[in-house]
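Chemist: Let me begin by handing over the structure; questions about it come next.
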């Protein structure tokens, strides 16, 4: 969305405040630190995690420490006059925001002379909001991408500065797509910043049609029911893998499903949730809605390591035709 003429290089490096928190933000921080002057990094405060529930810094905080960058972790920015004064004191040209996790009020958006830009993991206006990567896979989108936009007060509503698309290949999960989009964001950011510094860029308003919202993933929707068609279940499994993970309860306990495939050449009259045996590739075949069949190729039993469907079946007493979901499993042939 930049002008077709090649922008001239800014006479000096842009001064940036970088705002981000998770792993997704780290490739961009590393690239921008090489190309520009990062005068401060802002990230979410440490959170309790792990078995000992110890406070863990964000991925961006760890990266900032490695790079020797000043890092700040306020609980909030809205109504925080002290942080607003600190942000203004950096005299940054631009704030770069990538998966920060805190709302930037107008008083903060107005601080840098070139405004604030955001790298968002979708092709806006599709999938504004919290979980664009997962929702794109779950919906069966053929493509997604990254949009660099000028920030305003609305949720991902700002005018677009640049974008790039990527195909969602069959079976691609959220982890794989996350890494590809994180790398793409890091690639797109430097030329946008150069163009902003030289004034050789124009923003394009987002289309009014095609707006969708990527709501946060709830625990309840990660619990699978086999009344859905196998294709829909496969998309959910891919969308929620590796985190938070799609799962279902069986007579053998909870199974977290890591990869699966809808068997388009198979059909069955068995009730959804019925065990149909091993597949030719040693997966687990389960009857689903619309007479479809799902092949589970990789799973993780509660408290155990991930394993193939075949390895799991070696220790089970599941019978052909049995409904193996916890509410219906009888343990009988």
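Residue numbers (this note's numbering): 47 to 379. Glycine included, each C-beta is placed from N, C-alpha and C at the ideal position. All values reported here derive from a predicted model rather than from experimental measurement.
Do residue 176 and residue 282 come within 8 Å of each other at the CB atom, strictly closer than that value?
Modeler: no
Chemist: Give me whichever residues DSSP pairs with residue 342 in a beta bridge.
Modeler: 306 and 330
Chemist: Can you name the start and end residues of the alpha helix (DSSP H) that residue 355 belongs to?
Modeler: 355 to 359
Chemist: From which residue to which residue does the beta strand (DSSP E) around residue 87 run?
Modeler: 83 to 88
Chemist: By a C-beta neighbour count over all protein chains shown, 10 Å radius and 16 as the cutoff for buried, is residue 368 buried or exposed?
Modeler: Taking every protein chain shown into account, the CB of residue 368 has 16 or more other CB atoms within 10 angstroms, so this residue is buried.
Chemist: If I follow the unbroken alpha helix (DSSP H) through residue 279, where does it start and stop?
Modeler: 276 to 285 is the span of the alpha helix (DSSP H), which, as asked, contains residue 279.
Chemist: Using the Cβ count rule (16 or more neighbours within 10 Å means buried), how would you classify residue 216?
Modeler: Residue 216 should be labelled exposed.
Chemist: So does the segment 93 to 102 actually touch the segment 121 to 136, counting three or more Cβ pairs closer than 8 Å?
Modeler: no
Chemist: Enumerated in chain order, which unbroken segments of the beta strand (DSSP E) with a length of 3 residues or greater are wholly contained in the segment 208 to 282?
Modeler: none
Chemist: Residue 142 and residue 386 - do their beta-carbons sit closer together than 8 Å?
Modeler: Because the chain in this structure spans residues 47 to 379, residue 386 falls outside the shown range and cannot be described.
Chemist: Residue 193: which of 268, 203 and 210 sits nearest, CA to CA?
Modeler: 210
Chemist: What first and last residue would you give for the beta strand (DSSP E) that runs through residue 293?
Modeler: 292 to 296
Chemist: Expressed to the nearest angstrom, what Euclidean distance is found between the alpha-carbon atoms of residue 227 and residue 72?
Modeler: Looking at the backbone, the Cα of residue 227 and that of residue 72 are separated by about 12 Å.
Chemist: Is the CB-CB distance between residue 247 and residue 319 below 8 Å?
Modeler: no
Chemist: Just to check my reading of the structure: residue 354 and residue 308 have Cβ atoms closer than 8 Å, yes? What is that Cβ distance to the nearest angstrom?
Modeler: Going by Cβ atoms, the distance from residue 354 to residue 308 rounds to 18 Å, so no, they are not a contact pair.
Chemist: Take residue 109 as the anchor and find which of 300, 264 and 65 has the nearest alpha-carbon.
Modeler: 65
Chemist: According to DSSP, is residue 111 helix, strand or coil?
Modeler: helix
Chemist: Use the C-beta contact count for residue 360: other C-beta atoms within 10 angstroms, 16 or more gives buried, fewer gives exposed.
Modeler: exposed
Chemist: So what does DSSP say about residue 77, is it helix, strand or coil?
Modeler: helix
Chemist: For the 8 Å Cβ check, are there 3 or more pairs between the segment 230 to 239 and the segment 266 to 277?
Modeler: no
Chemist: Please go through the same chain and pick out, in chain order, the residues whose beta-carbon is closer than 6 Å to the beta-carbon of residue 292, but skip the five residues on each side of it.
Modeler: So the list reads 268, 270, 282, 283, 286 and 303, once near-sequence residues are dropped.
Chemist: Pick out the complete alpha helix (DSSP H) segments inside the segment 98 to 183, 4 residues or longer, and give them in chain order.
Modeler: Whole alpha helix (DSSP H) segments, 4+ residues: 105 to 113, 127 to 135 and 152 to 155.
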